[in-house]
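Colleague: Numbering (the UniProt record's numbering), first residue to last: 1 to 247. C-beta atoms are modelled at their ideal positions from N, C-alpha and C, and glycine is treated no differently. Below is a structure I'd like to ask you about.
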Amino acid sequence: MNPDNIRIVLVHTTHPGNIGGVARAMKNMGLHRLYLVAPASFPNEQANRRAVSADDLLDGAIVTDTLEEAIGDCQFVVGTSARERRIPWPLLDARQCAARVAEASAAEQVAVVFGREDRGLTNEELKQCNLHLNIPTSSEYSSLNLGMAVQIVAYELRMLRAAPEKPAVETENWDTPFASRENMERFYTHLEETLIDIDFLDPAAPRQLMSRLRRLYGRVRLDEMELNILRGILTETQKWVERDSKD
Numbered sequence: 001m002n003p004d005n006i007r008i009v010l011v012h013t014t015h016p017g018n019i020g021g022v023a024r025a026m027k028n029m030g031l032h033r034l035y036l037v038a039p040a041s042f043p044n045e046q047a048n049r050r051a052v053s054a055d056d057l058l059d060g061a062i063v064t065d066t067l068e069e070a071i072g073d074c075q076f077v078v079g080t081s082a083r084e085r086r087i088p089w090p091l092l093d094a095r096q097c098a099a100r101v102a103e104a105s106a107a108e109q110v111a112v113v114f115g116r117e118d119r120g121l122t123n124e125e126l127k128q129c130n131l132h133l134n135i136p137t138s139s140e141y142s143s144l145n146l147g148m149a150v151q152i153v154a155y156e157l158r159m160l161r162a163a164p165e166k167p168a169v170e171t172e173n174w175d176t177p178f179a180s181r182e183n184m185e186r187f188y189t190h191l192e193e194t195l196i197d198i199d200f201l202d203p204a205a206p207r208q209l210m211s212r213l214r215r216l217y218g219r220v221r222l223d224e225m226e227l228n229i230l231r232g233i234l235t236e237t238q239k240w241v242e243r244d245s246k247d
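Given below as structure tokens:
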């Protein structure tokens, strides 16, 4: 595991104190890369008070306007989700997820994304993630503070780092870097355009086709060479469609 490759991303955080609580939880467990997507109030003295001795994480926090900016260069993205989705997505608990994050971080940029305090991440935001993380809680009271949720995930990562035997990295000797989130988004746009061109996808009634294809490719995880091959196939397909329309 390489903590330098792991970032914690907070999306549209409402309460600045929660940002400070997250910074403290991260520093407790040896994580230091904090990204904030359009926070309601930051910098803020309340955040610094809650951070206690983790002011350096707040000082180094990267603030972006969109989630896409925060995870664009990442190859592996985990989104926290507290509820079932219409289309099931690969879903792990904190311990299982930590193992996947630790594995990927050995050679890739990894983001663990936490949503709004009141409603979490939107469906569109979750579609940008390779897998979803759920922290099981009691059915009698399932509400988790944002700082607590980050602490649980960070703790599981810390335990893996402290273990005498680290998990094997199945992609350690992979010959090509995995595709970044930014390049994957370009691919999905290209794929959708091509499917419309060949009349496979009706933009007026798309149903869940693109969501299911996102889930498919997110589960497989493409490297940059594989992505370029697929983009090339899509480009040639569009050329054939254009030639056919002129005949």
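Using the rule of at least 16 other Cβ atoms within 10 Å of the residue's Cβ for burial, across every protein chain shown, is K239 buried or exposed?
Modeller: As a position in the sequence shown, residue 239 is number 239, starting the count at 1. Its Cβ having fewer than 16 others within 10 Å, K239 is exposed.
Colleague: CB R161 to CB C74, shorter than 8 Å?
Modeller: Along the sequence shown, read from residue 1 onward, the residue named residue 161 stands at position 161. Along the sequence shown, read from residue 1 onward, the residue named residue 74 stands at position 74. No, these two residues do not count as a Cβ contact at 8 Å.
Colleague: Which residue marks the beginning of the alpha helix (DSSP H) containing H15, and which one marks its end?
Modeller: As a working mapping, residue 15 is identified with position 15 in the sequence shown. Segment: none, H15 is in no alpha helix (DSSP H) and carries neither H nor E.
Colleague: Closest to A179 by C-alpha separation, out of V113, I71, R243, L121, would be which residue?
Modeller: For the purposes of this step, residue 179 is taken as the residue at position 179 of the sequence shown. Ranking V113, I71, R243, L121 by Cα distance to A179 puts I71 first.
Colleague: If you draw a straight line from the alpha carbon of R214 to that of L222, how long is it in whole angstroms?
Modeller: Locating residue 214 in the sequence shown gives position 214, counting from the first residue. Locating residue 222 in the sequence shown gives position 222, counting from the first residue. Looking at the two C-alpha atoms, the distance is approximately 12 Å.
Colleague: Rounded to a whole number of angstroms, what is the C-alpha to C-alpha distance between A107 and R50?
Modeller: Taking the sequence shown and counting its residues from 1, one reaches residue 107 at position 107. Taking the sequence shown and counting its residues from 1, one reaches residue 50 at position 50. If you take the alpha carbons of A107 and R50, they lie about 33 Å apart.
Colleague: Using only alpha-carbon positions, find the residue among E103, L91, L146 that is nearest to W174.
Modeller: Taking the first residue of the sequence shown as 1, we reach residue 174 at position 174. Of the listed residues, the one whose Cα sits closest to W174 is E103.
Colleague: Output needed for S245: all residues of its chain with C-beta closer than 8 Å, excluding positions within five of it in sequence on either side, in chain order.
Modeller: Here residue 245 corresponds to residue number 245 of the sequence shown, with the count starting at 1. Once the five neighbours on either side are set aside, S245 has no close Cβ partner at all.
Colleague: Taking Cβ positions, are A94 and V153 nearer each other than 8 Å?
Modeller: Taking the first residue of the sequence shown as 1, we reach residue 94 at position 94. Taking the first residue of the sequence shown as 1, we reach residue 153 at position 153. Contact flag set, yes.
Colleague: Tell me where the beta strand (DSSP E) around Y217 begins and ends.
Modeller: Taking the sequence shown and counting its residues from 1, one reaches residue 217 at position 217. It is not in any beta strand (DSSP E) - Y217 instead sits in the alpha helix (DSSP H) that spans 209-220.
Colleague: Check the DSSP bridge columns for V113 and list the partner residues they point to.
Modeller: What you label residue 113 is simply residue 113 of the sequence shown in a count that begins at 1. V9, G79.
Colleague: Could you check what DSSP says for T137 in three-state terms: helix, strand or coil?
Modeller: What you label residue 137 is simply residue 137 of the sequence shown in a count that begins at 1. Reduced to three states, the DSSP call for T137 is coil.
Colleague: Closest to E242 by CA distance: which of E193, L227, P43 is it?
Modeller: Indexing the sequence shown from 1 puts residue 242 at position 242. Ranking E193, L227, P43 by Cα distance to E242 puts E193 first.
Colleague: Measure the beta-carbon distance from V37 to H12 and round it to whole angstroms, keeping in mind my assumption that it falls under 8 Å.
Modeller: Position 37 of the sequence shown, counting from 1, holds the residue named residue 37. Position 12 of the sequence shown, counting from 1, holds the residue named residue 12. About 6 Å separates the two Cβ atoms, so the contact holds.
Colleague: Considering Cα atoms alone, identify which of L67, P43, I6, P39 is closest to M26.
Modeller: Walking along the sequence shown from the start, residue 26 turns up at place 26. Per the Cα distances, I6.
Colleague: In this structure, how does DSSP classify residue 248 when only helix, strand and coil are distinguished?
Modeller: Residue 248 lies beyond the range of the chain shown here (1 to 247); nothing can be said about it.
Colleague: If you check the beta carbons only, do V110 and V9 fall under 8 Å apart?
Modeller: Residue mapping note: residue 110 aligns to position 110 of the sequence shown, counting from 1. Residue mapping note: residue 9 aligns to position 9 of the sequence shown, counting from 1. Their beta carbons are not under 8 Å apart, which means V110 does not touch V9 by this criterion.
Colleague: For E125, is the classification buried or exposed, using 16 other Cβ atoms within 10 angstroms of its Cβ as the cut-off for buried?
Modeller: On the sequence shown, position 125 is the one that residue 125 refers to. The residue in question, E125, is buried, as its Cβ has 16 or more Cβ neighbours within 10 Å.
Colleague: How should residue 251 be labelled, buried or exposed, when 16 other C-beta atoms within 10 angstroms of its C-beta is the threshold for buried?
Modeller: Any question about residue 251 goes unanswered here, given that the chain covers just 1 to 247.
Colleague: Just verifying my parser: in three-state terms, what is the DSSP assignment at T176?
Modeller: Looking up residue 176 in the sequence shown gives position 176. Correct three-state label for T176: coil.
Colleague: Mapping the DSSP letters down to three states, classify L36 as helix, strand or coil.
Modeller: Working through the sequence shown from its first residue, we reach residue 36 at position 36. L36 falls in the strand class under three-state DSSP.
Colleague: Looking only at C-alpha atoms, which of L144, Y155, I229 sits nearest to M184?
Modeller: Your numbering for residue 184 matches position 184 in the sequence shown. Closest by alpha carbon: I229.
Colleague: Ordered along the chain, which non-local residues of its own chain (more than five positions away) have a Cβ less than 6 Å from that of V63?
Modeller: Taking the sequence shown and counting its residues from 1, the one referred to as residue 63 is at position 63. L36, listed in sequence order.
Colleague: Would you decide whether A205 is buried or exposed? Buried here means 16 or more other CB atoms lie within 10 Å of its CB.
Modeller: Looking up residue 205 in the sequence shown gives position 205. It is exposed - the Cβ of A205 has fewer than 16 other Cβ atoms within 10 Å.
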